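Start counting at 1 in the sequence shown, then tack on 42, and there's your number in the numbering used here.
Comments concern the structure below.
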Amino acid sequence: MQAKLWSLVALALLVAACAISPNLATIQKAKARRDLAALYLRRAEPEIAILEYRKALELYERDAETHFGLGEAYRRKQEFALAEEHFLRSLSLQPGLLPARLNLGALYIQQERWADAISATQLLLEDPTFMFPGQAYQNLGWAHYMAGDLAAADASLKQAISIEPNNVIAHLNLGIVSNERGELVASISEFESVLRILSKRAPGAFRHTKTEARFRLAEMHARLGQRTRAIEHLRVAVETGGESEWGRRSRDFLSVLQ
């Protein structure tokens, strides 16, 4: 009698599990929704992507990649609390989903949570299977810089450049760090590297980065008494920067020097 009772209990648990767990067809529908959401995210339409990711989770909540995608969509919308929630959920479901940890670190940088950004990124770099260490070292360097550790920032950004010599953001940030360390010649060299690398890319690529690099070069040359060279950089920055922050700052600085 007891054995029969246990059989009935086991059967009931199995039926309950089947009722809770989605079948293969439902999971496939969820993945189709997820793939559609990813397409919208690549098209820079995070609002529609969020709707599709939510529909995917309604069908199958335990998909780590869906949570990762939704977290990234929320990050781009600056919905930081929701972004963190879904990045952490994706990592709880799939700890080896390293892009989610990379973007979690980027999220902490956006929130100016420097200690959390450093911790998350260092944990990422400890994994030898991570395929984009240059990006991680770039993020780590900026987090160290904003946390006030210039030596660690310098080391991390140089490591990023050693892995990705054409990483323009790492060069730009290293120029900023070098300037803070009083290394003007090294700072100028890094900003010039930004312009050299970007001169080989499409004219519109990293337009604001180019404008910032020229503004910062103008500052360096002005400090060295090289007014003519500073003005040359500012004139180009004004032309390319338009009404962006660095375009406006370049225009204001140019009016002072002329």
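The beta-carbon is built from N, C-alpha and C at its ideal position, and this holds for glycine as well.
Computed from a prediction, not measured in an experiment: that's the story for all the values here.
Given a threshold of 16 other Cβ atoms within 10 Å of its Cβ, counted over all protein chains shown, does residue i qualify as buried or as exposed?
i: R290; result: exposed
i: T270; result: exposed
i: Q180; result: buried
i: Q152; result: exposed
i: A125; result: buried
i: R238; result: exposed
i: P170; result: exposed
i: T68; result: exposed
i: E114; result: buried
i: Q300; result: exposed
Between residue i and the rest of its own chain, which residues show a CB-CB distance below 6 Å, the 5 nearest in sequence each way excluded?
i: F233; result: G217, A255, R258 and L259
i: Y116; result: L124 and A125
i: N221; result: S229
If I'm right that residue i touches residue j with Cβ under 8 Å, what's the distance once you round it to whole angstroms?
i: H213; j: S198; result: In fact, because the Cβ distance is near 13 Å, the residues do not count as touching under 8 Å.
i: L182; j: I160; result: 6 Å
i: S292; j: G283; result: 6 Å
i: L133; j: L139; result: 6 Å
i: M262; j: S229; result: 6 Å
i: E225; j: M188; result: E225 to M188, Cβ: 19 Å. No contact.
Only counting the same chain, and skipping five residues up and downstream in sequence, which positions put a Cβ closer than 8 Å to that of residue i?
i: G111; result: R76, A79, A80, L83, A91 and Y95
i: V280; result: G289, S292, R293 and L296
i: R223; result: L192 and D196
i: G301; result: A query on residue 301 cannot be resolved here, the shown segment of the chain reaching from 43 to 300 and no further.
Give me, in chain order, the residues of the same chain whose beta-carbon lies closer than 7 Å to that of residue i; leave out the 5 immediate sequence neighbours on both sides.
i: G235; result: The sequence given here has Ser at residue 235, not Gly. Only H213 meet the Cβ criterion.
i: A148; result: N181
Exercise. Can we say the region 197-210 touches the region 161-181, given the rule of at least three CB pairs closer than 8 Å?
Worked result: yes
Exercise. Enumerated in chain order, which unbroken segments of the alpha helix (DSSP H) with a length of 4 residues or greater are wholly contained in the region 74-161?
Worked result: 88-101, 106-118, 122-135 and 140-152
Problem set entry | Minimum length 4: unbroken alpha helix (DSSP H) runs contained in the region 173-217 | 175-188 and 192-205
Exercise. How about the region 259-271 and the region 280-289: do they share at least three Cβ pairs that are nearer than 8 Å?
Worked result: no
Problem set entry | Three-pair Cβ contact test at 8 Å for the region 98-106 versus the region 115-125 | no
Exercise. Which ranges does the alpha helix (DSSP H) cover as unbroken runs of at least 4 residues, wholly within the region 217-276, from first to last along the chain?
Worked result: 226-240 and 249-265
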